[in-house]
Amino acid sequence: SIPLGFFAGLGGASKQGVLIKGGNYLEALNHVETVVFDKTGTLTAGVFKVTQMNPMGMDETQFLEFAAYAESQSTHPIATSIVEAYRQVIDSTRITAYEEIAGHGIKATVDGKQVLIGNKKLMTQAHLESEEVETIGTVIHLAVNGVYAGYMVISDEIKENAKMAVTKLKQQGIKRIVMLTGDHVGVANKVAEELLVDEVYAELLPDQKVEHVEAILGHKSKDKHVVFVGDGMNDAPVLARADIGVAMGGIGSDAAIEAADVVLMEDDPLALCKAIEQAKQTRAILY
Ligand code: ADP
Ligand code: MG
Numbered sequence: 379s380i381p382l383g384f385f386a387g388l389g390g391a392s393k394q395g396v397l398i399k400g401g402n403y404l405e406a407l408n409h410v411e412t413v414v415f416d417k418t419g420t421l422t423a424g425v426f427k428v429t430q431m432n433p434m435g436m437d438e439t440q441f442l443e444f445a446a447y448a449e450s451q452s453t454h455p456i457a458t459s460i461v462e463a464y465r466q467v468i469d470s471t472r473i474t475a476y477e478e479i480a481g482h483g484i485k486a487t488v489d490g491k492q493v494l495i496g497n498k499k500l501m502t503q504a505h506l507e508s509e510e511v512e513t514i515g516t517v518i519h520l521a522v523n524g525v526y527a528g529y530m531v532i533s534d535e536i537k538e539n540a541k542m543a544v545t546k547l548k549q550q551g552i553k554r555i556v557m558l559t560g561d562h563v564g565v566a567n568k569v570a571e572e573l574l575v576d577e578v579y580a581e582l583l584p585d586q587k588v589e590h591v592e593a594i595l596g597h598k599s600k601d602k603h604v605v606f607v608g609d610g611m612n613d614a615p616v617l618a619r620a621d622i623g624v625a626m627g628g629i630g631s632d633a634a635i636e637a638a639d640v641v642l643m644e645d646d647p648l649a650l651c652k653a654i655e656q657a658k659q660t661r662a663i664l665y
């Protein structure tokens with residue numbers, strides 16, 4: 379039978395906006411050694427704004443139109459920001475092919491032209507040279523019919539409570555705090571430095587995030603747990619693989635919420651600290 383105290387603990391956690399799928403996970407939160415965070419949408423708001431446009435061989439209007447059309451079917455935060463910057467209604471009959479390439483970007487056919495939009499890796503894959511840009515934002519490149527067409531800079535912000543969450547986790551005895559991201563190494567290092575996370579790995583594909591978590595699981599201490607916290611955009615496999623998968627519930631995808639063991643309703647990384655605190659208190663009641 380399940381001790382009643384666990385239900386009390388789960389109830390307390392849910393009042394704090396934390397949904398825990400069963401008493402086992404609440405107990406497990408008492409033995410966390412490592413917390414691995416995804417960056418975009420988890421430690422950063424994932425609300426991007428187009429802050430710079432550098433078209434080549436076309437004007438800004440045309441550049442933004444290709445970009446917005448190619449991104450219009452994607453739910454990625456980067457895509458949303460580009461479509462918002464365009465401010466016009468999308469005529470979806472002009473898009474005749476569409477493919478999302480995880481961790482890279484989008485390949486779409488717009489007005490019969492092949493449009494590639496995404497990071498440097500996507501351009502390199504298509505054997506295209508792209509501009510080297512020094513910026514703290516995320517650089518998104520565009521190519522039309524195999525010709526490089528310039529880049530735009532998209533900026534995201536660190537969440538208000540992210541730094542406090544990292545500090546608090548350390549106070550709660552978490553030994554190691556890691557950040558994984560598909561984003562460029564320059565942006566990743568800047569965020570990691572500001573938040574004081576211990577380790578950062580950038581430019582990762584979803585599969586490589588799983589590999590990193592597996593490596594961490596392989597080296598953990600006996601009876602200790604590894605937590606992965608993600609917003610769910612391409613994160614479902616990692617959420618499932620970690621000892622305790624924590625999803626941001628507000629912006630998280632259904633797949634992520636399904637794969638997760640703990641859901642943070644407020645999309646606030648500090649809620650994880652509250653869940654750990656709740657686990658400690660529940661323990662104090664029980665034993
Ligand atoms: P994170 O690991 O930080 O949560 P993602 O894995 O979702 O980020 O994305 C990694 C990178 O892949 C982005 O920073 C961007 O360069 C590129 N990318 C992913 N999806 C898109 C998209 N729809 N449009 C443009 N670029 C994208
Ligand atoms: Mg993410």
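The sequence shown begins at 379 in the UniProt record's numbering and counts up by one. Quick reminder that beta carbons are idealized off the backbone N, C-alpha and C, glycines included. The model shown is predicted, which means the values in this text are computed figures rather than measured ones.
Legend entry - Which listed residue (T513, Y403, V493, D416) has its alpha carbon closest to that of N523: The count along the sequence shown starts at 1 and reaches residue 523 at position 145. Ranked by how close their Cα comes to the Cα of N523, the residues T513, Y403, V493, D416 have V493 in first place.
Legend entry - Own chain residues within Cβ distance below 7 angstroms of Y579, not counting five before or after: Along the sequence shown, read from residue 1 onward, the residue named residue 579 stands at position 201. Correct list, in chain order: L558, H590.
Legend entry - Residues of its chain near A614, where Cβ-Cβ distance is below 6 angstroms and the 5 sequence neighbours each way are ignored: The residue you call residue 614 lines up with position 236 of the sequence shown. Cβ neighbours of A614 within its own chain (closer than 6 angstroms, five residues either side excluded): A633, A634, A637.
Inset, instruction - Could you please give the first and the last residue of the uninterrupted alpha helix (DSSP H) stretch that includes P433? - result: To locate residue 433, count along the sequence shown from 1; it is residue 55. Per DSSP, P433 belongs to no alpha helix (DSSP H); it is in the beta strand (DSSP E), 427-433.
Inset, instruction - Keeping to the same chain, check which residues put their C-beta closer than 8 angstroms to that of D601; ignore five residues upstream and five downstream. - result: Here residue 601 refers to the residue found at position 223 when the sequence shown is read from its first residue. H409, listed in sequence order.
Legend entry - Same chain, Cβ closer than 8 angstroms to M501, five either side skipped, listed in chain order: Numbered from 1 along the sequence shown, position 123 holds the residue referred to as residue 501. Taken in chain order, the residues that qualify are L494, E507, S508, H519, A521, Y526.
Legend entry - Cut-off 6 angstroms between Cβ atoms - residues of its own chain near I594, not counting five sequence neighbours on either side: By 1-based counting over the sequence shown, the position of residue 594 is 216. So the list reads T412, V604, once near-sequence residues are dropped.
Legend entry - Residue from L617, M643, G610, I654 with nearest C-alpha to T453: Translated into the one-based positions of the sequence shown, residue 453 becomes position 75. Ranking L617, M643, G610, I654 by Cα distance to T453 puts G610 first.
Legend entry - Whole-Å CB distance - L421 paired with V569, under 8 angstroms assumed: For this step, residue 421 is matched to residue 43 along the sequence shown. For this step, residue 569 is matched to residue 191 along the sequence shown. Contact between L421 and V569 holds, with the beta-carbon distance rounding to 7 angstroms and staying under 8 angstroms.
Legend entry - Sequence-distant residues of the same chain with beta carbon closer than 6 angstroms to D621, five excluded per side: Counting from one through the sequence shown, the residue named residue 621 turns up at place 243. Non-local C-beta neighbours of D621 in its own chain, meaning closer than 6 angstroms and more than five positions away in sequence, comprise H603, V604, ordered along the chain.
Inset, instruction - Would you mind listing the alpha helix (DSSP H) stretches within the stretch 579-620 that are 4+ residues and don't spill past its ends, in chain order? - result: You should have 584-596, 614-619.
Inset, instruction - Quick one: give me the first and last residue of the beta strand (DSSP E) that Q492 is part of. - result: Within the sequence shown, residue 492 is the residue found at index 114, counting from 1. Boundaries of the beta strand (DSSP E) harbouring Q492: 491-496, taken from the DSSP string.
Legend entry - Distance between E449 and V517 (C-alpha atoms, nearest Å): Walking along the sequence shown from the start, residue 517 turns up at place 139. Walking along the sequence shown from the start, residue 449 turns up at place 71. Cα-Cα distance, rounded: 15 angstroms.
Legend entry - Whole-angstrom distance between T429 and Y447, CA atom to CA atom: Against the sequence shown, residue 447 aligns to sequence position 69. Against the sequence shown, residue 429 aligns to sequence position 51. One Cα belongs to Y447, the other to T429, and the distance between them is close to 19 angstroms.
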